[in-house]
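Chains as they are written, first to last, in my numbering: chain A, 38 to 156; chain B, 76 to 189.
What follows is a single structure, written as C-alpha cells, with notes after it.
In C-alpha cells form, the structure reads like this:
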C-alpha cells in the first residue's frame with residue numbers, strides 16, 4: 038500500500054527556535070497533502086491543505102506566518118513551526134492524497150506523526 | 076456542513092467478544108465515509124471506506140462497517156475482538172465533491188480485556 042513518511046518522528050526544541058517537519062509520499066505522487074494537529078486524547082484538527090506548486094490553504098484560526106507550509110514537489114511537503122513556544126507542543130500528522138487514483142473517491146494516506154515538545 | 080459523532084469515547088470488550096463502535100454523520104450531500112485506526116504515537120491507518128455501491132464494507136483485520144443512509148450511520152464491527160485491536164478508532168466523512176477534506180469524529184478508545 039501507499040506509504041507516507043515523516044521526519045523527524047520526535048523533536049525537542051527550545052522556545053523561540055524554529056522546527057521543520059518533512060512529509061514524504063514514498064511510492065506515489067501527491068498533488069495534495071494535509072497537515073493535522075492532534076492534542077492528547079483528542080481528534081485530528083486540520084491545520085492546512087497543501088497543494089504542490091501553490092500556496093497552502095489554512096483553516097480558520099491557524100496562523101499562516103507561524104506554521105509555514107511548503108509543497109515544492111509531488112512527494113514532499115514541509116511544515117515549519119516558527120518561533121516555537123510551549124503551547125505549540127503537539128503531535129503533528131501529515132497525510133497525502135494519491136494523485137493517481139484521482140477523483141472524489143481518493144484516499145488519504147497518513148504519516149506516522151511527529152511529536153514536538155517545546156521547552 | 077459535515078460533522079461526525081462517535082458515540083462513546085471509550086469502549087471496553089473482552090477478548091473474543093463483539094466489537095461495535097458507533098458513528099453517525101451529517102452531510103448535505105452523499106458522503107464518503109471512512110474508519111481509521113491509530114495505535115499509540117503513530118499515524119492513522121485506513122481500516123475501510125465507503126464511497127458508492129455495496130453498503131456493507133469489509134476492511135482489514137476482520138473489521139466491517141455498514142452504511143445506513145436512513146439512520147445516517149456507519150458503525151464499525153468485528154465479530155471477535157483480539158488483544159491487538161486495542162487502539163483509538165476514528166470515523167471520518169468527506170463530501171463526495173470535495174477533494175480530500177476529511178472531517179473526523181472525536182475518536183473511540185477501544186480496550187480489549189483478556
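Even glycine gets a Cβ: it sits at the ideal position worked out from N, Cα and C.
message = Let me check one thing: in DSSP terms, what residues is residue 85/A bridge-paired to?
response = 72/A and 95/A
query = So who's on the other strand from residue 77/A, going by DSSP bridges?
reply = Paired residue(s): none; residue 77/A is not in a bridge.
ask   = When we look at the beta-carbon of residue 106/A and count the other beta-carbons within 10 Å, is it buried (16 or more) or exposed?
value = When all chains shown are included, residue 106/A counts as buried.
key: Helix, strand or coil at residue 100/A [DSSP, three-state]   = coil
query = Does residue 45/A have its Cβ less than 8 Å from a Cβ in chain B?
reply = no
query = Any idea what DSSP makes of residue 64/A, helix, strand or coil?
reply = Of the three classes helix, strand and coil, the one that applies to residue 64/A here is coil, per DSSP.
query = Which residues, in chain order, does the stretch 122-133 of chain B contribute to contact with chain A at a C-beta distance below 9 Å?
reply = 124, 126 and 127
ask   = DSSP state of residue 144/B, grouped into three classes?
value = Three-state DSSP puts residue 144/B in a helix.
inquiry  = So, at 7 Å on beta carbons, what are the nonlocal neighbours of residue 150/A in its own chain, with the 5 sequence-adjacent residues on each side left out?
reply    = Hits under 7 Å: 43, 128, 129 and 130.
message = Does chain B have any CB closer than 8 Å to the CB of residue 172/A?
response = Nothing in the structure corresponds to residue 172/A, since chain A is present only between 38 and 156.
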